[in-house]
Structure formats: structure tokens, C-alpha cells
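A.B. asks: Chains D, F and G are the protein sequences, given in the same order. The first sequence stops at residue 383 when you use our numbering, and every number in between is there. The second sequence stops at residue 449 when you use our numbering, and every number in between is there. The third sequence stops at residue 721 when you use our numbering, and every number in between is there. Quick reminder that beta carbons are idealized off the backbone N, C-alpha and C, glycines included. No experiment lies behind these values; they were computed from the predicted model shown.
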Amino acid sequence: MNFDDKGRLKPGKYFMQGNIAIAEGAIVAGCKFYGGYPITPSSEVAERMALRLPHIGGKFVQMEDEIGALASVIGASWAGLKSMTATSGPGFSLMQENIGYAVMTETPCVIVNVQRGGPSTGQPTLASQGDMMQAKWGSHGDYQIIALSPSSVQECFEYTIKAFNYAEKYRVPVMVMSDEVVGHMREKVIISDYDNIEIINRKVGMNELPFKPDDDLIPKMPIFGKGYRVHVTGLSHNEKGYPDAASDPVEHAKLVKRLNEKILRHKKEIWDYTAEYLDDCSDVVIVSYGSPSRAGEIAVKELREQDIAAGYIKLNVVWPFPDEIIYEVAKKTEKIIVPEMNLGQIVREVERASKGLCKVKLVPKIGGELHTPEEIIMAYKNF
Amino acid sequence: MIFINKELCKACYICIEFCPKKVFTISKELNKKGVYPSEVDDESRCTYCKICELMCPDQAITVVKK
Amino acid sequence: MEHFALKYLRKDRLPHIFCPGCGIGIIINCTCKAMDELNLDLDKVVLTSGIGCSSRIPGYFYLDSLHTTHGRALAFATGIKVANPELTVICFTGDGDTGAIGGNHFIHACRRNIDITVICVNNYIYGMTGGQVSPTTPEEKVATTAPYGNIENPLDLCKLAEAAGASYVARWTTAHPFQLVRSIKKGINKKGFAFIEVVSQCYTYFGRLNKFKNNIELLKYIKENSININKAKNMSEEELKGKIIVGEFVDREKSEFSEEIHKLIDKHKIVK
Numbered sequence: 001m002n003f004d005d006k007g008r009l010k011p012g013k014y015f016m017q018g019n020i021a022i023a024e025g026a027i028v029a030g031c032k033f034y035g036g037y038p039i040t041p042s043s044e045v046a047e048r049m050a051l052r053l054p055h056i057g058g059k060f061v062q063m064e065d066e067i068g069a070l071a072s073v074i075g076a077s078w079a080g081l082k083s084m085t086a087t088s089g090p091g092f093s094l095m096q097e098n099i100g101y102a103v104m105t106e107t108p109c110v111i112v113n114v115q116r117g118g119p120s121t122g123q124p125t126l127a128s129q130g131d132m133m134q135a136k137w138g139s140h141g142d143y144q145i146i147a148l149s150p151s152s153v154q155e156c157f158e159y160t161i162k163a164f165n166y167a168e169k170y171r172v173p174v175m176v177m178s179d180e181v182v183g184h185m186r187e188k189v190i191i192s193d194y195d196n197i198e199i200i201n202r203k204v205g206m207n208e209l210p211f212k213p214d215d216d217l218i219p220k221m222p223i224f225g226k227g228y229r230v231h232v233t234g235l236s237h238n239e240k241g242y243p244d245a246a247s248d249p250v251e252h253a254k255l256v257k258r259l260n261e262k263i264l265r266h267k268k269e270i271w272d273y274t275a276e277y278l279d280d281c282s283d284v285v286i287v288s289y290g291s292p293s294r295a296g297e298i299a300v301k302e303l304r305e306q307d308i309a310a311g312y313i314k315l316n317v318v319w320p321f322p323d324e325i326i327y328e329v330a331k332k333t334e335k336i337i338v339p340e341m342n343l344g345q346i347v348r349e350v351e352r353a354s355k356g357l358c359k360v361k362l363v364p365k366i367g368g369e370l371h372t373p374e375e376i377i378m379a380y381k382n383f
Numbered sequence: 384m385i386f387i388n389k390e391l392c393k394a395c396y397i398c399i400e401f402c403p404k405k406v407f408t409i410s411k412e413l414n415k416k417g418v419y420p421s422e423v424d425d426e427s428r429c430t431y432c433k434i435c436e437l438m439c440p441d442q443a444i445t446v447v448k449k
Numbered sequence: 450m451e452h453f454a455l456k457y458l459r460k461d462r463l464p465h466i467f468c469p470g471c472g473i474g475i476i477i478n479c480t481c482k483a484m485d486e487l488n489l490d491l492d493k494v495v496l497t498s499g500i501g502c503s504s505r506i507p508g509y510f511y512l513d514s515l516h517t518t519h520g521r522a523l524a525f526a527t528g529i530k531v532a533n534p535e536l537t538v539i540c541f542t543g544d545g546d547t548g549a550i551g552g553n554h555f556i557h558a559c560r561r562n563i564d565i566t567v568i569c570v571n572n573y574i575y576g577m578t579g580g581q582v583s584p585t586t587p588e589e590k591v592a593t594t595a596p597y598g599n600i601e602n603p604l605d606l607c608k609l610a611e612a613a614g615a616s617y618v619a620r621w622t623t624a625h626p627f628q629l630v631r632s633i634k635k636g637i638n639k640k641g642f643a644f645i646e647v648v649s650q651c652y653t654y655f656g657r658l659n660k661f662k663n664n665i666e667l668l669k670y671i672k673e674n675s676i677n678i679n680k681a682k683n684m685s686e687e688e689l690k691g692k693i694i695v696g697e698f699v700d701r702e703k704s705e706f707s708e709e710i711h712k713l714i715d716k717h718k719i720v721k
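1. Compute the Euclidean distance between the alpha carbons of A253 of chain D and K262 of chain D, then round it to the nearest angstrom.
2. So which of D:F3, D:N113, D:F157, D:F92 has the shortest CA-CA distance to A29 of chain D?
3. Going along chain F, which residues have a C-beta under 8 Å from A454 of chain G?
4. Can you tell me whether G36 of chain D is helix, strand or coil according to DSSP?
5. Looking at G89 of chain D and G117 of chain D, is the spacing between their C-beta atoms short of 9 Å?
6. How many Å lie between I337 of chain D and I286 of chain D at the Cα?
7. DSSP has D513 of chain G in a bridge; who is on the other side?
8. Keeping to the same chain, check which residues put their C-beta closer than 6 Å to that of I397 of chain F; ignore five residues upstream and five downstream.
9. So, using beta-carbon positions, are V567 of chain G and C540 of chain G closer together than 9 Å?
10. Quick check: what's the CA-CA separation for M341 of chain D versus I99 of chain D?
11. Quick check on T623 of chain G - is its C-beta less than 9 Å from some C-beta in chain F?
12. Would you mind sorting H140 of chain D into buried or exposed? The rule is 16 or more other CB atoms within 10 Å of its CB.
13. Alpha carbons only, please: which of D:K226, D:E305, D:Y242, D:S354 is nearest the one belonging to G508 of chain G?
14. Can you check DSSP and say which residues form a bridge with Q581 of chain G?
15. If you drop the 5 nearest sequence neighbours on each side, which residues of the same chain put their C-beta closer than 7 Å to that of I346 of chain D?
16. So what does K188 of chain D bridge to, in DSSP terms?
17. Would you tell me roughly how many angstroms separate the C-alpha atoms of H184 of chain D and T125 of chain D, rounded to the nearest one?
18. With distance defined between alpha-carbon atoms, name the residue in D:V114, D:G344, D:F224, D:I56 nearest to H717 of chain G.
19. Identify whether M175 of chain D lies in helix, strand or coil by the three-state DSSP scheme.
20. Within the 9 Å Cβ cut-off, does K226 of chain D reach chain G?
21. Let me check understanding here. Comparing Cα to Cα, which of G:G548, G:C502, G:I500, G:I563 lies closest to A526 of chain G?
22. Return the bridge partner residues of Y617 of chain G from the DSSP annotation.
23. The stretch 526-538 of chain G: which residues have C-beta closer than 7 Å to a C-beta of chain D, in chain order?
24. Go to L51 of chain D, then tell me how far its alpha helix (DSSP H) extends in each direction, as first and last residue.
25. With a threshold of 8 Å (Cβ to nearest heavy atom), would V338 of chain D be considered close to the ligand ZN?
26. Can you grab the Cα-Cα spacing for the pair D279 of chain D / S354 of chain D, in whole Å?
27. Of the residues G:P603, G:P469, G:A595, G:K635, which one's Cα is nearest the Cα of D544 of chain G?
28. Using a Cβ cut-off of 8 Å, pull out every chain D residue sitting near V720 of chain G, in sequence order please.
29. Which bits of chain G does Y396 of chain F rub up against, with CB to CB less than 7 Å?
30. Looking at C395 of chain F: is its Cβ nearer than 9 Å to the Cβ of N664 of chain G?
31. Could you check how far apart the C-beta atoms of A251 of chain D and L209 of chain D are, in whole angstroms? I think they sit under 8 Å.
32. Should T430 of chain F go down as buried or exposed, given a rule of 16 or more other Cβ atoms within 10 Å for buried?
33. Nearest-angstrom Cα distance between M221 of chain D and S77 of chain D?
34. Would F706 of chain G and A619 of chain G be called neighbours here (beta carbons separated by less than 9 Å)?
35. Taking DSSP's pairing of strands, which residues face E276 of chain D in a bridge?
36. Considering just the uninterrupted stretch of the alpha helix (DSSP H) at K530 of chain G, what are its terminal residues?
Below is the structure:
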């Protein structure tokens, strides 16, 4: 493959695997550190980063486990580098404590989860969307993260860049919730001119106090080695960074509310979805994310050929959940169908957000196979 | 000169025990924390080895050679 | 007049939280003394720690510091050092942090021989959580989770560091402050992984539970039970039972991880 003077793939058309596209997207985003641990079906991301990071002066470390992997990523981020890791279910479970640490310390980092069937070791080589709730709620305490969900190799590339932008802008861990199907599928990727791709870098610096936020609720990041002399702790801390808030109810509440609010206040800038036929969807809307969106889109087209007013909406950003968007959809339609490769996770959010304005039906599928369009069509017919 | 910051002292008395020349003793006055801090008993015995500086866990003792 | 260590510390946070007579304060002093004598560029020093009493040390230093999750300090430190090898990375840790929950990271940081200096406060017990048994608690000693005495074999962290590949390994106690300063200086100067274990007194838990009268008696016990490696070499296993062997165990030159990464980058970089 051809690289440009910044070590990125040259703009053009490529035939590529999803996991490779994630790695190439990360390079474009400016990722300079990868700390990981091998796990099926995500290992190609690590392999590609090990090959590619030296090209651009970036650093790859294969750590001793997934706990250490995310720890090294957070350390590298504080040392000033855009950093990431990739894993799958069991590794994602191991990372949960340090995800909370990254939230608490406002550390930009990207975590790719190429989802496989669980619980436990489950189905290493088959797809699922079983970690969607874990992505939001897996670590302890009240917090917000951002999670994207690609449904194609093209989106693997694009959403990884987006994930880095969100991580850097909001100083939060951002998850790319891929799955085995997208991760191992090979299809066409078009890389357009890089001038059209926005790259966001963190605000490096410090206000009077290291954790005093700007008006957007996000503090500048006083990265290590620049003379800021900042103390960073996972304990509840005040704006000085001191752990005094650990035993102070007011300071603790102030911190945790800000950590949540800095994401929720910007949710409309973060939300991203692809929709069609929402102006003519009075019968049914398919709400999906990730791989099942591929079948959902075909099902909608076939339903429309049968004169059913069907629309679809694909959630590219799943967390923070786009409540108001789903509410607007619920106003327009009689039924919502949610195909998921689990026994019902995001459907709960859809039910909550639609506030009883329409009926909501889950089309669950586990075992590793994708939904077929027919299954979704039948779900509508047997609603 | 031996300086003792009585407010930092937590009265562990490591200085009293480990000073090879037995320079320190226990004060008769409480500090603000409510403990009897160490104080200098006889500075003339001090050889400025400064082990008390290193072994005071509370950074309360400073020794300056005259 | 103020104590020499105060210029390295966050004075607005003193007095620190450590119990009266805790050895951690001594280790703070010795670290500051070593920094003093090395004349380090303090803007380029980063401290890391995990969880426990010892892990509260970095928060008192007026330096960049990362107080992380239990046992993981070395993994975080690995990311920091690899990302910016110009930084001097010092990791404060304890016997539980290093020997139990963080054992894996410890082994692999030694194996990579990454240029990090570890100062491990070994007080034989979990202090922060209330005196539970630790991987280094000597046999038969009492802890709150070993109320009938410890029945497990204790772990020799220095032997582990040596076997796993560290460049520099030493053990001292809080009753050996001058030797400790020397070893911390050597450790920081060492291009590679330096592990310095400091046997330290925790009177509040280890001392009280094991019927020591006060912290002085415990510290004296530690001092009197210490035997220098040079002397210990000629002693039998029987004679060394219950003794603390102190001294320098390893001082060797090996390739260092963050430097190796840069060599690799120099070879394969395509971007100017």
C-alpha cells in the first residue's frame, strides 16, 4: 500500500478488513501510542498497529494483560500522545476499572471493542452486540462515555477518526463498539482527500488550577513533563487535583456532576445518525446500530416495495443515547423495530426514549449470525 | 542549630531513639495536634550527622551546621 | 528554617496522612535527598503509584504525578516512559501493590527492563485497608485476615525482580536511611529497571497486631534483624530464618525497553 508524507494511506479506493481500517483510521487521527493484548477477534488491530506505528514514529507495546494495556494507554495519554487499545469481551471486562479511572482523570483515549459472543469466553470467532450496556455501565460509579458503532469497513475507518476527535475534545474515553462481522469483513473503503477530514487535538495547558474547566466544562490538559507539576488521581479531587474531595460530599458531587455534564451538555454535537424515509414512516421504523443495520436497511426497502411506510435510523453514536431523536421518531410512527445481536440491550433505551408514543419490538439474535432482512420483515408482519 | 517544627511533629520519637548522641527529649507542652512533640535537650552533643533529618517521618527537624 | 525535603513537597498538603512513626515519611525524605544530590530537572520527573499507604506518596510531591488503580502503577508508568523517554519515572508502591494485585505488571516491567525506578514500601501488611495479610507477611505473623498467624509462604520481591530481569535490585530498611539514599540515586541513574525495596514499620497494624510495644520497638526490631548480603552469604538457611537481608543484589547493564523502541522507530520510520 502507498503512504503519503505523513505515513497515512494515500487517498484512494482500498479493499480492506474492518480491523485494518480501524488501525489506518487511528494513524490518520494522529494516534502515536498503542498498548494492547491479543484477543480474538480484535488482534488484527494490534498486529496492524505494531506494523504501522513505527512508520510514523509512534510506539506500540504489547502489554501483559488488558488491565495493563489500558493503563499504559492512559499513561501515554498523560505523557502527551494520542493513545488507543483494542480488545474484545473478556478483555473489555478486564478494562472496566481503568475505564472508570480514565473518566475520573479526564484522560483522552480510544478503546475499540470488536464484540464477540459472551458471557465469559463465549464465542471468540463469532459476532455479537452483547457489550453495549457494559460500554455505558461497566465501571462503577456515575459517569458518561461516548460510544460509536460501525456497520461497515468504511465506517470502521471513519468512526475511529471521529472517536479520537471526541476523546481529545471532551477528555473522555471513547469506545468504538465494532463486532466480529465488521471486524473481519473485507470490503471497499474510499479514503477521500485528507483536507476534508477534521482532526481535533486536545487543549494542552492549564487554568489557575489544573482541574478548573473552561466554560465548556472541559479543563485544558496539563500533560506531564511541561512544568505544570500536576497531581492526577482517581480519588475524588478538587480543582487543584488534590484528593480532599474524597471525603467532602460537596466537592465530590461537584466533580462527578461536571464529568457527566461535560458530555451531556454537548450531546447534540456528539450524536450522529443515518436515517432515511423519516418523512414517510407512519407504519414502522427500524432502529439499529452496527452490523444489523445492513439487514435493516434492506428490510426497509423491501417493506416500502410492499407499500408499507417504513423508515430506518441507524445510530452511529449509541452513547450518550440520543433520547430526543428517538422521541421524535416515535412521534412519527406506529411501530419501532430494534434488531440487535443480543437478547435486548439498546431496545430498553429505545423504549424509554419513545415514552410510550409507539410500540417497540426487539428482534434479538444471538449465536453469531447476522439478522437476515426477512427476519426483520417477519418481525414487522408478526408484530 | 537544630530547628523543630512542633506543629508537624506527630510525637513518634524516632529522633529521640535514633539520635546517636541523644540530643532530643520529649517536650512538656502540647502542640496544636494535642501531642507532646520532641524538643532539643542538649544541642552541644550534636555532631551534625543529620540522621534525625532523614529519619523524622514528618519533616519536622532541620539541622544547620553553625 | 525548613526541612530540606519541603522544597520538593506540596507544603499546602502537610502534615501528611501517615500515622505517627510510619516509615513512609522516612522514605519521602530519602527520595528528596537523592533528588537533591542528583540535581534532577524536576519538570521532567513523573511519579506514579497504585493504591495503598505507599501510593499516597506522589500526592505530596510538587511534581507531575499519577495516582492510579491498585497494582497497576507500573503499567501506567510503562505508557508514560515509552511515550516520553525524556521523563524520569519513579514509581512508589507497596508489598500488596507489587506482590499481589500488581504482580504481573511487576514481572513484566522487570522483564522489559524499562527505565523506571521503583521504590517499594514493604511493611508486611495492608495498612490502608486495615491490617490484612500481604504476600510478604512473614510466616506466623498476625494480620486481621490471619488472626491465627500467617500460614502462607512470604514472597521475596527482590529475588523475583532479579529473576525477572531487572537491572538494579536492592533492599534496605527505614533504619538504613543513608544507604537508601545511595540506592535511590543509583536506581534513578540506572538505565533500566531499578527495584528498591524498603522494609518499613507499620506500627498501627503490623506492630500492634504482633505485640510490639510501640513504633520504636518495631523499627529497632527491623534494624536488629537486618543482615547485610555480604555477611549473609556465609550464613546457613537456618541462621537466616526470620532475618532481613539488606544490600545491593543486582547491578547489571542490559538493553532498555524505551531505547529499543526508539531504535526500532529509527529503522522503520518513513515520515521525516
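C.D. replies: Concretely, from the data shown:
1. 14 Å
2. D:F157
3. Q442
4. strand
5. Against a cut-off of 9 Å, the Cβ pair of G89 of chain D and G117 of chain D comes out as a contact.
6. 5 Å
7. D513 of chain G has G:V495 as its beta-bridge partners, per DSSP.
8. M438
9. The Cβ atoms of V567 of chain G and C540 of chain G sit closer than 9 Å to each other.
10. M341 of chain D and I99 of chain D: Cα-Cα distance of roughly 24 Å.
11. yes
12. Counting the other CB atoms within 10 Å of its CB gives H140 of chain D a total below 16, which places it among the exposed residues.
13. The candidate whose alpha carbon is nearest that of G508 of chain G is D:Y242.
14. G:Y575
15. M132, Y289, V318, V338, E340
16. Here K188 of chain D is bridged, per DSSP, to D:F15.
17. Distance between the alpha carbons of H184 of chain D and T125 of chain D is about 9 Å.
18. D:I56
19. Three-state result, M175 of chain D: strand.
20. yes
21. G:I563
22. DSSP lists G:A643, G:D700 as partners of Y617 of chain G.
23. A526, T527, G528, I529, V531, A532, N533, E535, L536
24. 43-52
25. Of ligands this structure carries none, so the ligand ZN is not represented either.
26. 17 Å
27. G:P603
28. Listed by position along chain D, the residues whose Cβ is nearer than 8 Å to that of V720 of chain G are D5, K6, G7, H55, I56, G57.
29. For Y396 of chain F, the neighbours in chain G by C-beta distance under 7 Å run, in chain order, I665.
30. Taking 9 Å as the Cβ cut-off, C395 of chain F and N664 of chain G qualify as a contacting pair.
31. Reading off the sequence shown, one finds Glu at residue 251 of chain D, where the question assumed Ala. Wrong, their Cβ atoms sit about 12 Å apart, outside the cutoff.
32. Its Cβ having fewer than 16 others within 10 Å, T430 of chain F is exposed.
33. 10 Å
34. no
35. D:Y312
36. 522-532
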